[in-house]
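Residue numbers (the working numbering): 34 to 307. See structure below.
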Amino acid sequence: MPELPEVETIKNALSAHVLNHTFTKIEIFIDVCRYPLAPLLDKELCNHRIMELRRRGRYLIIELDNFRALIFHFGMSGSLRVVPADEPRRKHEHAVFYIDNGMTMRFDCPRRFGFIKTCVLSAPGAVPSELAELGVEPLSDEFTGKYLKRRLTGRKQKIKTAIMDNRIVVGVGNIYANESLFLSGISPLREAGTITLRQCNELVRHIRDTLHKAIAAGGTTIADFKSVDGSEGKFVLQLNIYGKEGKPCPRCEDTIVRNIVGGRSAFYCPGCQK
DNA sequence: AGAGATACCTGGGAGC
DNA sequence: TGCTCCCAGGTATCTC
């Protein structure tokens, strides 16, 4: 699944192929991914220079020279690859962008959880209004224990739900949330507002740590993508708690349990996560 | 307004 | 072997 580091990777690799180029044609092959794809047929998206690629959270933004922008989200199975225009289309390539250099950029999304939106920017370089509410980047200096504590104060929702809320911090998925709560010794069921500053510091440290490990482990994906063959890399993360229901806790050997929190599986050790 | 539930979708694994 | 069922995931939207 494209996590935050992988979207960054996609952005960097894609830049070389599309920056300062134009799309000459856009084709869609299904009506709807997460949202309708018909807006991609807007002629304003073609024959305008691609000015900049940006990442915000798990969103990729491609900005054109006419205030138009494309916002990509890859859901859990989406990807972009750049291949020659005459290469046969794969089953789940739902949108094909023809580039003025003979290549195509293809949006592949088997589970259709991803999306492509179009938007009009208020100014060059502006944040699309759709993304204005997003919280801080987890690897930035803004994401500190103090910041987290401030955002959690007074919140009654569970801590796991809170750290997965992208209005607070972007890019913390279910696996990261489970793992970083385990490493911090905090139960996912804890009321967010009761987490102390000290625990917030720990949580921030472990979220960053887990992300950094994911980046390191994602190296294969990076290499593959740069070769533009689009093959998926092995995203390997050392998991302590995720998916380990019924197994002994690696820290205290109590039995790991699973609970549904915010509609998602929460794995935790009742012995050492309080 | 805050918080929780749900829809969206399909590949893949489990169970029969 | 082949069938059915259910689950995973992030976001937007709905309801309470």
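Even glycine gets a Cβ: it sits at the ideal position worked out from N, Cα and C. Treat the numbers as computed from the prediction; the structure is a model and nothing was measured.
Could you tell me whether the Cβ atoms of residue i and residue j are closer together than 8 Å?
i, j, result
"C302", "R284", "yes"
"S173", "R144", "no"
"I43", "H127", "no"
"L73", "I149", "yes"
"F300", "E278", "yes"
"H81", "G147", "no"
"E166", "R200", "yes"
"N45", "I83", "no"
"L47", "I61", "no"
Once the 5 residues before and after residue i are set aside, which same chain residues still bring their CB inside 6 Å of it?
i, result
"I208", "Y275"
"T223", "The sequence given here has Arg at residue 223, not Thr. I192."
"S298", "R291"
"R87", "I94"
"H245", "none"
"N211", "I274, Y275, F300"
"E85", "E96"
Taking DSSP's pairing of strands, which residues face residue i in a bridge?
i, result
"K191", "E224"
"V116", "T137"
"T42", "Answer is none; T42 lacks a bridge partner."
"Y92", "R89, H106"
"N292", "A299"
"P143", "The partner list for P143 (beta bridge, DSSP) is empty, contrary to what the question assumes."
"V202", "V169"
"K281", "For the sequence presented, residue 281 should be read as Pro rather than Lys. Per DSSP, T288."
"Y315", "Lying outside 34 to 307, the shown extent of the chain, residue 315 is not represented and no answer is given."
"F148", "H106"
"R122", "Answer is none; R122 lacks a bridge partner."
"L97", "I83"
For residue i, collect the residues of the same chain with a Cβ closer than 7 Å to its Cβ; drop the 5 residues on either side in sequence, then sort them by chain order.
i, result
"A49", "none"
"F3", "Because residue 3 is not part of the residues shown, which for the chain are 34 to 307, the question remains open."
"Q232", "S217, I219"
"S213", "L236, H239, I240, T243"
"V202", "G168, V169, P171, F176, I196"
"G304", "C282, C285, D287"
"V313", "The question about residue 313 has no answer, for the chain in this structure spans 34 to 307."
Count the other CB atoms within 10 Å of the CB of residue i; is the residue buried (16 or more) or exposed (fewer)?
i, result
"D75", "exposed"
"P157", "exposed"
"S260", "Annotation note: pLDDT 34 at S260 (below 50); position unreliable, coordinate value reported separately. The residue is exposed, with fewer than 16 neighbouring Cβ atoms inside 10 Å."
"G90", "buried"
"T243", "buried"
"A195", "buried"
"I293", "exposed"
"T6", "Because the chain here runs from 34 to 307, residue 6 falls outside it and cannot be looked at."
"P221", "buried"
"S155", "exposed"
"Y92", "buried"
Less than 8 Å between C-beta atoms, sequence neighbours within five positions excluded: which residues of the same chain meet that for residue i?
i, result
"T186", "G226"
"L78", "F56, I59, L97, R101, L103, T151"
"G296", "none"
"N134", "H50, H54"
Contact between the region 231-238 and the region 175-182: three or more CB pairs below 8 Å?
yes
Just checking, does the region 89-104 make contact with the region 115-122 on the three C-beta pairs under 8 Å criterion?
no
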